[in-house]
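Some notes on the structure that comes next.
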Amino acid sequence: MTNSIDLTDSTSEKLDFRRLKAFFPYFKPHIRILIFCGLLMIAGTLLSISGPLIVRHAIDTVFPTGCVSDLAKISGLLAIVIIASFFVSYLQQINLQIVGQAIVKTIRIQVFTHMTRLPQAYFSSNPVGTILSRIESDTEALRNMFTNTVITLLSDTLLIISIFGVMFVLSWQLALILSLMAPLVIIMAVFFNRIIVPIYIQARRETAKVYGFLEEYLRGVRVIQAYCQEDTIIRNMNDVNRRKFEIEYPGEWLSNLFGHSIFMSSTIATVLVLTIGGYWSLHHDTRVTVGTLVAFLGYIQRFFGPVFHLSEQLNVIQRAFAGIRRIDDVLSFPEEMDTAPATSIPDGDPEGVSAGLEFRHVWFAYEKEDWVLQDINLVIPRGKRFAVVGTTGSGKTTLVNLLFRFYRPQRGAIFLDGVNILGIPLETLRRQMGLVLQDIVLFPGTVLDNLRLDNQNISDECVMNALRTVGADSILTRSDRGLRFELSEHGSNLSVGERQLLSFARALVNNPEILILDEATSSVDPESENRIRSALKSMLSTRTSLVIAHRLNTILDSDCIIVMQDGQIMERGRYHELVQMRGIFFKLCQIQFGDPEVG
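In the numbering used here, the protein residues as written are 5 to 603.
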């Protein structure tokens, strides 16, 4: 039913430059700085190749004259070149880092913003850890490529071309010797990268598994300690870590071998140039002077340095292009539609529906035609309190998911006051409803922050009224900061019942017309539950409500109880009516109450 995108690394990633075009607009605001960095790169290259030329001039021209003042001048010029080279490099790197951070910040915010508007189907089909990787790791890979790799490759390419040009001018014979080494170096670089890059990609997969393992088991460390399973988890961690080591070790070994092969090639080139050029110099051959020979030796080191780092740079580029593909896939994933044409529904007159909610011939499946809901017909009049019960997997929570438009029915439609909810602006629809879930979600910050969710239009008084309504205002007595009482991570400085009470209050601060409780009292202790039950009577008296519950004592006074099984409505009616039917609901009551008549 839902589309999902491949969020895993691939050993066969291709450098798809077409995808890179989508990121060009991010560079436009920084084009002047990038041009400035390009000029700095050219200046840095000129300074880099001028150093050996200055040394050559000193050896061939100044030393024979024995003039100390000329030596001081040439030494000062060399010092100026070195300082200028450092300054140019520093200025270039600072500007590139600023641009890179600004671009990645923009991309990261756009990816996060887009993700907050994606349908729930996206999050159901993609692991949270992998989604976080898209926001953090992939954007960081882009930053590394933009700020380091690309400029390094361009600078190294320009430097190598310039060095070759200067060497051929100085001595084409020695330059030819170095040129003969180039094909061998290129062949080695291509060979090693074809082997090393896939290993690094697989190593990143294993690294992700290690992080996933750590996140999962550190979050559940209390359970591990409670069941004395530390040794078992350590063994499992050792297995995960060993697989990562077994993949990374050959990669590091080959990378090290590649580096030493380049070093050996550089050494061989140095020995050949020194031997042949030194022989010519000693015999006063006009083809090579001592200064030229020294300059050549300096250029050799500058030539092989970029080749030495080629493997690392290609790995960064490959990783960045993989990140570009995945980020582009995320940004291309369609956002949750605000409005859309209604799905086909059976004949009927929507205008004839009374004020409230209506599920009309609704069918829904998460995957293909594995129906979770089948032909649901349900009318909840405005101001009425309806409850939904049933065994696990009967489709109760799916009703809530459809009502909030987290998903859309494949057949049928849902109406709010006679209007198909697919035709209601999403924000307008959801602002009319308050939701309390079984899973308690509290964010970092104060009680006030968590209840109004940074909506400054909600006053402190409104928040206090919501807390009093659900009997949660006693939480504030723990601190003299009142509503500014700081919650620890996930609200761990509160009891489970207190956290659930806060989620109740959060649903009320927007004064919703419709209140939906999805197993909302399952984590609440009996005392808190009694407080909530008394609060709900006044809270729900003027609101349409849909209560999904396993604990039947929380729904005894509902206007209507809906009993679901296998995605269908099997029974409906008030408590005593359902008990008298002696059907599914009666059996549920027997399990919880023993004697249903007691309820």
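By construction, the Cβ of each residue, glycine as well, lies at the ideal position given by its N, Cα and C atoms.
Which residue wins for smallest C-alpha separation from residue i, given the options the options?
i: ILE102; options: ILE37, LEU75 and ILE63; result: ILE37
i: ARG208; options: VAL189, TYR253, LYS388 and HIS264; result: TYR253
i: LEU452; options: VAL423, ALA230 and ALA470; result: ALA470
i: GLU362; options: ASN514, LEU560 and ILE518; result: ILE518
i: PHE217; options: LYS248, ARG147 and GLY104; result: LYS248
i: HIS494; options: THR117, PRO448 and GLN114; result: PRO448
i: PHE410; options: GLY55, GLN124 and PRO33; result: GLN124
i: ARG389; options: THR69, LEU550 and GLN460; result: LEU550
i: GLY475; options: ASN454, CYS41, ARG488 and ARG503; result: ARG503
i: PRO29; options: ILE266, ILE566 and THR110; result: THR110
i: LEU487; options: LEU505, VAL467 and GLN105; result: VAL467
i: GLN414; options: VAL423, THR402 and ASP421; result: THR402
i: CYS564; options: VAL115, TRP257 and ALA391; result: ALA391
i: ASN381; options: THR156, ALA62, GLU210 and GLN572; result: GLN572
i: LEU556; options: ASP570, THR546, HIS580 and MET574; result: HIS580
i: THR65; options: ILE78, ILE53 and GLY55; result: ILE78
i: SER398; options: GLY387, PHE368 and PHE408; result: PHE368
i: ASP379; options: ASP570, ILE190, LEU446 and ILE191; result: ASP570
Could you check the C-alpha separation between residue i and residue j for me, to the nearest Å?
i: ASN242; j: LEU512; result: 48 Å
i: ARG291; j: ALA324; result: 47 Å
i: THR236; j: ASN497; result: 30 Å
i: PHE308; j: GLY169; result: 16 Å
i: ALA299; j: ILE39; result: 31 Å
i: PHE582; j: GLN596; result: Per the sequence shown, residue 582 should be read as Leu rather than Phe. Those two C-alpha atoms are separated by around 15 Å.
i: TYR204; j: GLY255; result: 7 Å
i: ALA608; j: VAL92; result: What is shown of the chain runs 5 to 603, which leaves residue 608 out entirely.
i: SER166; j: TYR303; result: 10 Å
i: PHE590; j: ASP522; result: 22 Å
i: LEU24; j: VAL154; result: 13 Å
i: ILE339; j: HIS118; result: First, the amino acid is wrong: residue 339 is Glu here, not Ile. One C-alpha to the other measures close to 7 Å.
i: GLY360; j: PHE419; result: 8 Å
i: PRO187; j: ALA193; result: 10 Å
i: LEU178; j: ALA145; result: 40 Å
i: ASP443; j: TYR126; result: 19 Å
i: GLY501; j: PHE150; result: 49 Å
i: LEU276; j: ALA88; result: 32 Å
i: SER463; j: CYS593; result: 43 Å
i: VAL221; j: GLU140; result: First, the residue type needs correcting, since residue 221 is Tyr and not Val in the sequence shown. Using only the alpha carbons, I get a separation of about 22 Å.
i: ASP333; j: ILE135; result: 12 Å
i: ASP13; j: PHE195; result: With a pLDDT of 46 at ASP13, under the threshold of 50, the modelled position of this residue cannot be trusted, and the question is left open.
i: LEU457; j: ILE520; result: 18 Å
i: ARG147; j: ILE199; result: 25 Å
Could you check if residue i is buried or exposed, using at least 16 other CB atoms within 10 Å of its CB as the buried criterion?
i: SER492; result: exposed
i: ASN405; result: buried
i: HIS264; result: exposed
i: TRP176; result: exposed
i: PHE90; result: exposed
i: CYS71; result: exposed
i: SER183; result: exposed
i: PHE34; result: Per the sequence presented here, residue 34 reads as His, with Phe not at that position. Buried, by the Cβ-count rule.
i: ARG586; result: exposed
i: GLN317; result: buried
i: ARG239; result: exposed
i: ILE384; result: buried
i: MET268; result: exposed
i: CYS41; result: buried
i: ARG364; result: buried
i: ASP142; result: buried
i: ASN459; result: exposed
i: GLN96; result: buried
Tell me which residue opens and which closes the alpha helix (DSSP H) that residue i is part of.
i: ARG547; result: ARG547 -> no alpha helix (DSSP H), and no H or E assigned at all.
i: ASN240; result: 234-286
i: GLY501; result: 500-512
i: GLU465; result: 464-473
i: ILE518; result: Element bounds for ILE518: not the alpha helix (DSSP H) but the beta strand (DSSP E), 518-522.
i: PHE91; result: 72-120
i: VAL66; result: Element bounds for VAL66: n/a, residue is neither H nor E.
i: ARG435; result: 430-435
Could you tell me the boundaries of the beta strand (DSSP E) in which residue i lies?
i: GLN442; result: Where GLN442 is concerned, there is no enclosing beta strand (DSSP E), given that its DSSP letter is neither H nor E.
i: GLY55; result: Run containing GLY55: none in the beta strand (DSSP E); it sits in the alpha helix (DSSP H), 35-61.
i: ILE362; result: For the record, residue 362 in the displayed sequence is Glu; it is not Ile. It spans 360-369 - the beta strand (DSSP E) in which GLU362 sits, taken as one unbroken run.
i: ASP379; result: 375-385
i: VAL393; result: 389-394
Any heavy atom of the ligand NAD closer than 7 Å to the Cβ of residue i?
i: SER463; result: This structure does not include the ligand NAD; it has no bound ligands of any sort.
Give the list of continuous beta strand (DSSP E) stretches no shorter than 3 residues that lie fully inside the segment 129-215. Fully enclosed beta strand (DSSP E) runs of no fewer than 3 residues are not present anywhere in the segment 129-215.
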